[in-house]
C-alpha cells in the first residue's frame, strides 16, 4: 500500500518537474534582467569594487549575508552541544 | 598518528595552504573569491593536519575556548561594520571617500587597485574568521567524539 | 562553441531532484537518506546558477575582462548563500545520526522510530 502511494506521488512529481522546466525561458536568453543590468552598470561607481558578485553579496544584498552568518553560528553551536561526552551523564551530575 | 614522512610533509605544506587561503580572502573585491571560499580552503588545511597527527595531539593546539572567542569576535565585527553607517541606511558603505579604504577604480576593464571598495574587504576578513573557527571546531568535535574521549568544557 | 541544445542543464537539475526524491521516499537506511538530501541540494544549486546564463558572455568581474556583455550576477550570489546553508544543515544531520546510533544501536529508520526510555 505504501509502495503504491509512493510510486504514484513520485511519478506525478517527475512529470510536473520536467514539464515546468521546459516552460521557462530557453537556456542562454533570460528575459527579465532589468535589475541585473542596473547592478552591472553602476557597481563600480557606487561601491568601488571590481567584483560585482562581492558587491552584490555585501552591499546590495547585505541582509542575506547577515542571515547566513547567523545560520552558520547556530549550526556550529548545535553540533557542539550534541557532541558532549557520555561519561558525564552516567556519573549523574 | 601516521608515519614520520607524512607528518613532516604536512608540517611543510600547511604554510603554503595558509598563505593561499589568506590571498583569496584578501583579494575578494578584485578576483573571484571572498570570505567563504578562502575560509573553506584554510579549513581543508586544518583537516589535513588532523589526519596526519591524531586528534589527541590537535586538542592541545586548538583549545575550544580560543576557537569560541575567535568565532564570536568575527560575528561581532561584521555586525559593528553593518551598524556603522546607521545615519543613512543599515548597510551603508561608510569608508568610500576616506583615505583608509576609499578610492574608486577606473570604469571598464583594467588591473584592480587593492585600496578600494570601502567596507567590503573588512567584512571579508570578519566572515573568513567566522568560517575558519566554526568549521574547525565542528571537525575537531566529530573526531574527538568518535574516538571516545571527552570534549573539554 | 556556445550552443547547448535542448536545455541540458535544466533537465539535468530536474533529473537530480527526481532521483533524490526516489531515495527519500523508498530507502530505509539513515545514511542513504542523508545522501539523498545532499543530492537534492546539489540539484537545486545547479538549477539556480544556470538560470542566469547569457550565451557568449563573460564572468561578471571587471578586472582585465575582454569587452562584451556579462552574465547575470545575482543568481551566483544566491547560490553561494545556499551552499553554505546546506553545509551547516548537513553537519547537524550527521551528528544527530551519530547520537541515534549510540542510543538505539541500529541505523534502520523503522526500528528506531518508537521512543523508549
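Residue numbers (this note's numbering), protein chains in the order written: chain L, 195 to 287; chain B, 27 to 179; chain G, 295 to 411. For every residue, glycine included, the Cβ atom is placed at its ideal position computed from N, Cα and C. Keep in mind it's a predicted model, so treat the numbers as computed, not measured.
Any chain B beta carbon closer than 9 angstroms to residue i
i                      : result
residue 350 of chain G : no
residue 197 of chain L : no
residue 279 of chain L : yes
residue 208 of chain L : no
residue 360 of chain G : yes
Which listed residue (the options) has its alpha carbon closest to that of residue i
i                      : options                       : result
residue 336 of chain G : G:387, G:383 and G:377        : G:377
residue 47 of chain B  : B:56, B:149 and B:65          : B:65
residue 350 of chain G : L:279, L:213 and L:224        : L:224
residue 167 of chain B : B:93, B:142 and B:110         : B:93
residue 367 of chain G : G:338, G:344 and G:394        : G:344
residue 407 of chain G : G:340, G:324, G:314 and G:312 : G:324
residue 369 of chain G : L:220, L:195, L:227 and L:212 : L:227
residue 272 of chain L : G:402, G:384 and G:319        : G:384
Cβ-Cβ distance between residue i and residue j below 9 angstroms
i                      : j                      : result
residue 251 of chain L : residue 371 of chain G : yes
residue 215 of chain L : residue 307 of chain G : yes
residue 347 of chain G : residue 299 of chain G : no
residue 71 of chain B  : residue 39 of chain B  : yes
residue 55 of chain B  : residue 130 of chain B : no
residue 68 of chain B  : residue 44 of chain B  : yes
Proximal chain B residues relative to residue i, where beta-carbon distance stays under 8 angstroms
i                      : result
residue 267 of chain L : 97, 101, 156 and 160
residue 270 of chain L : 97, 160, 161, 163 and 164
Any C-beta of chain G under 9 angstroms from that of residue i
i                      : result
residue 203 of chain L : yes
residue 171 of chain B : yes
Residue i: contacting residues in chain B (beta-carbon distance under 7 angstroms)
i                      : result
residue 263 of chain L : 101, 104, 153 and 156
residue 385 of chain G : 164
residue 274 of chain L : 163 and 167
Chain G contact residues for residue i, given Cβ-Cβ distances below 9 angstroms
i                      : result
residue 258 of chain L : 371, 372 and 375
Contacts that residue i makes with chain L (C-beta to C-beta distance below 7 angstroms)
i                      : result
residue 303 of chain G : 221
residue 354 of chain G : 234, 246 and 247
CB contact below 9 angstroms: residue i versus chain L
i                      : result
residue 201 of chain B : Limits of chain B in this structure are 27 at one end and 179 at the other, which puts residue 201 of chain B out of reach.
residue 345 of chain G : yes
residue 113 of chain B : no
residue 133 of chain B : yes
residue 37 of chain B  : no
residue 110 of chain B : no
residue 66 of chain B  : no
Neighbour list for residue i in chain G, Cβ cutoff strictly below 7 angstroms
i                     : result
residue 62 of chain B : 374 and 378
9 angstroms Cβ cut-off: residues of chain L touching residue i
i                      : result
residue 138 of chain B : 243, 244 and 245
Neighbouring residues, chain A, relative to residue i (Cβ below 9 angstroms)
i                      : result
residue 367 of chain G : The chain inventory of the structure shown lacks chain A, comprising the protein chains L, B and G.
Proximal chain L residues relative to residue i, where beta-carbon distance stays under 8 angstroms
i                      : result
residue 311 of chain G : 211
Which of the residues in the segment 241-256 of chain L, read from start to end, lie with their CB under 8 angstroms from any CB of chain B? 241, 242, 243, 244, 245, 247, 248, 249, 251, 252, 253 and 256
To be precise: take each residue of the segment 375-402 of chain G, compare its Cβ to all Cβ atoms of chain L, and keep it if any distance is under 8 angstroms. Which residues remain? 375, 378, 379, 382, 383, 385, 386, 389, 390, 392, 393 and 396
Members of the segment 117-131 of chain B that neighbour chain G once the beta carbon cut-off is set at 7 angstroms: none
Using a Cβ-Cβ cut-off of less than 8 angstroms, give me the residues of the segment 315-336 of chain G that come near chain L, in sequence order. 315, 316, 319 and 320
Can you give me, in chain order, the residues of the segment 43-61 of chain B that have a beta carbon less than 7 angstroms from any beta carbon in chain G? 56, 57 and 58
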